[in-house]
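Worksheet: the structure to be examined is printed underneath.
Number of protein chains: 2
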Amino acid sequence: MKTAVIIGSGNVATCFAKAFVKKGVSIDAVYSRNLNHAKQLADKVGGIAINNFNKLPINADLYLIAVSDNAIENVSTQLNVNGLVLHTSGFTAMATLKNNKRYGVFYGLQTFNKNSKTDLDNVPFLIEASSLEDEKILKHFALSISENVQVANTDQRQALHVAAVFANNFSNHLFAIAKQLLEQHQLSFDLLKPIILQTAQNAVTHNPIDVQTGPVVRNDKATISAHLEVLKQYPEYRQIYELLSKSIRELHVNSTKNN
Amino acid sequence: MKTAVIIGSGNVATCFAKAFVKKGVSIDAVYSRNLNHAKQLADKVGGIAINNFNKLPINADLYLIAVSDNAIENVSTQLNVNGLVLHTSGFTAMATLKNNKRYGVFYGLQTFNKNSKTDLDNVPFLIEASSLEDEKILKHFALSISENVQVANTDQRQALHVAAVFANNFSNHLFAIAKQLLEQHQLSFDLLKPIILQTAQNAVTHNPIDVQTGPVVRNDKATISAHLEVLKQYPEYRQIYELLSKSIRELHVNSTKNN
């Protein structure tokens, strides 16, 4: 991949375009519905800034569609290009791009932020392409961006996307609940920071099922009842406590049975 | 604190006794119901090994009760000593020790493991004592063990204990669920490791409410429906997805209202 066109100007577009430039890819154009946004990104990564698909160069090696999921299909149908068209979405089917001659998916699993430098070297990338030949080309290119690249079909990518909601969105929400409980008792969230970091470290070093601790796996019913009593003013958190405890119990009983 | 008696021989007893010795405290005795366990720990930290409360030295400065929560009261009533009696439980009321002359709580919030070296320097400790004088003595001592010490009453400590279940036990369970979803689609849990570490890092560097991402905060109903469709074979995980999404929505709406 020698030349690329970037479609979009948000966090993912910015982060990926910068990484492409760093690896020697020349950006031919940056498209955004908002010309100023296109200019801002083109200033950083090069290329012409456009807000009209008719002005798109048609012979770049790669067209990166980094726009919100619900806009991908509309963008795709407006393209009439010879290069490899890729979207960057975790959940959108590759087939959404099927009006193009050559297409695929280039999905990096991480939280991207326009203002912080996200290093892509270790970000897991899931790739998919409409032909074996393009899969090979895409894999070679992806490996120049990250050392963690894997071919996966749309079903697999969608499962990973859901799994990431549990591992990231939902765990972060549990941290937010914990913070609220502490503040309502005049305690600082700082108290939980060491255990939050240790929990993540344990989960990635070991199997999370093996390092599960707490009253449920000890079958310590007295503590569970007392915890629910503490939560009686927070019916919603109590409901979450009960549902997750039930789920831990079931997973733990199943994993004990299998051993 | 110059001398201590350790009651218990498990992870917390072992970890704390080692830390005491490192800070120049001399261990007079180690008690365990199982004399061999007492001997094993005494071999490491010094002191006589006993399994009979009548043989307990009565003039040590500190008596550390590091046994399971439901055994604390029984141990406490068998003590008749002059030193400061402390339990190490996150959830047991200080008043459980009230048959003693001087008593308090010495609770360190971290996952303790007998075999790994847990460094206590940064572990948050919540302390509580039956008199202001002993609170001062205990605080001074605790600060020699960790730089992160705070006086907290039983209600506060219990709230922290519940909050830690959300931040540690429950988030770890979400990682276990994510792992299952991946494996059922022939994907490795390794794919999620970078985002798990980043999530913890973001939560402790920022306010977890501010860094919440995902379809719920974007109000992306199409993705939420599609995720629920992926989860249709896993009714329990679907229920967790729905409940946590509802909770994120409510917290996010509330925090937007307050800004």
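Protein sequence lines correspond, in order, to chains A and B.
Numbering-wise, my numbering comes out as the position in the first sequence, counting from 1, plus 1.
Numbering-wise, my numbering comes out as the position in the second sequence, counting from 1, plus 1.
No residue lacks a Cβ here, since even glycine has one placed at the ideal position from N, Cα and C.
By the C-beta criterion, the segment 155-171 of chain B is judged to be in contact with the segment 176-187 of chain A, since at least 3 inter-stretch pairs fall below 8 Å. In this chain, the beta strand (DSSP E) harbouring H88(A) covers L85 to H88. Inter-residue distance for R250(A) and V166(A) is about 22 Å (C-alpha atoms, whole angstroms). Within the same chain, L65, G105 and F107 come within 6 Å of L87(A) by CB-CB distance, once the 5 residues on both sides are set aside. For S10(B), not one C-beta of chain A is nearer than 8 Å to its own C-beta. Residues of the segment 116-144 of chain B with a C-beta atom less than 7 Å from some C-beta of chain A are N123, V124 and P125, listed in chain order. For the options H253(B), K137(B), E129(B) and A50(B), the alpha carbon positioned closest to that of Q157(B) is the one of E129(B).
Around T224(A), the same chain offers P216 as residues with beta carbons nearer than 6 Å, after the five sequence neighbours per side are excluded.
Annotation for L188(A): no residue places its beta carbon closer than 7 Å to its own, counting only its chain and skipping 5 residues before and after. Of the candidates T200(B), A143(B) and L57(B), L57(B) places its Cα closest to the Cα of I8(B).
For the segment 198-209 of chain B, the set of positions with a beta-carbon nearer than 8 Å to some beta-carbon of chain A reads L198, Q199, T200, A201, Q202, N203, A204, V205, N208 and P209 in chain order. The Cβ of Q159(B) sits closer than 8 Å to at least one Cβ of chain A. Using a Cβ distance threshold of 8 Å, V31(B) and A43(B) count as a contacting pair. The beta carbon of Q151(A) lies closer than 8 Å to those of P125, F126, L127 and I128 in the same chain, with the five residues before and after it left out. Burial state of D29(A) is buried, judged by a 10 Å Cβ sphere holding 16 or more other Cβ atoms.
Bounds of the alpha helix (DSSP H) holding F17(B) are N12 to K23. Comparing C-alpha distances from D221(A) to each of M2(B), V22(B), A18(B) and N71(B) shows the shortest one belongs to N71(B). When DSSP states are grouped into helix, strand and coil, F167(B) belongs to the helix group. Taking the CA atoms as reference points, A201(B) sits about 10 Å from H207(B). Here DSSP, grouped into helix, strand and coil, assigns S27(B) to strand.
In the three-state reduction of the DSSP assignment, T112(A) falls in the coil class, being assigned neither a helical nor a strand state. Collapsing the DSSP output to three states places Q151(A) in a strand. Per DSSP, reduced to three states, the secondary structure at L65(B) is strand. Across the segment 234-250 of chain A, CB contacts with chain B closer than 9 Å involve E237, Y238, Q240, I241, Y242, L244, L245, S246, K247, S248 and I249, in sequence order along the chain.
With its beta carbon less than 8 Å from one in chain B, V231(A) belongs to the interface. The three-state reading of DSSP puts Y235(B) in coil, since its state is none of H, G, I, E or B.
Taking 8 Å as the threshold, the shortest C-beta distance from S226(B) to chain A does not fall below it.
Judged by their CB atoms, S246(B) and I241(A) are not nearer to each other than the 8 Å cut-off. Per the coordinates, the alpha-carbon of H186(A) lies some 15 Å from the alpha-carbon of G91(B). Residues of chain A with a Cβ closer than 9 Å to the Cβ of L182(B) are, in chain order, A160, L161, V163, A164 and F167.
When secondary structure is reduced to three states using DSSP, L57(B) falls in the coil class, being assigned neither helix nor strand. Residues of the same chain with a CB within less than 7 Å of the CB of N203(B), apart from the 5 flanking positions on each side, are V212 in chain order. Contact with chain A is absent for S147(B), since none of that chain's Cβ atoms lies less than 8 Å from the residue's Cβ.
Within its own chain, the residues whose Cβ lies closer than 7 Å to the Cβ of N149(A), once the five positions on either side in sequence are excluded, are N123, V124, P125 and F126, listed in chain order. At the C-beta level, V231(A) and H253(A) stay beyond 8 Å of one another.
Contact between V13(A) and T89(A) is confirmed by a C-beta separation of about 5 Å, below the 8 Å threshold.
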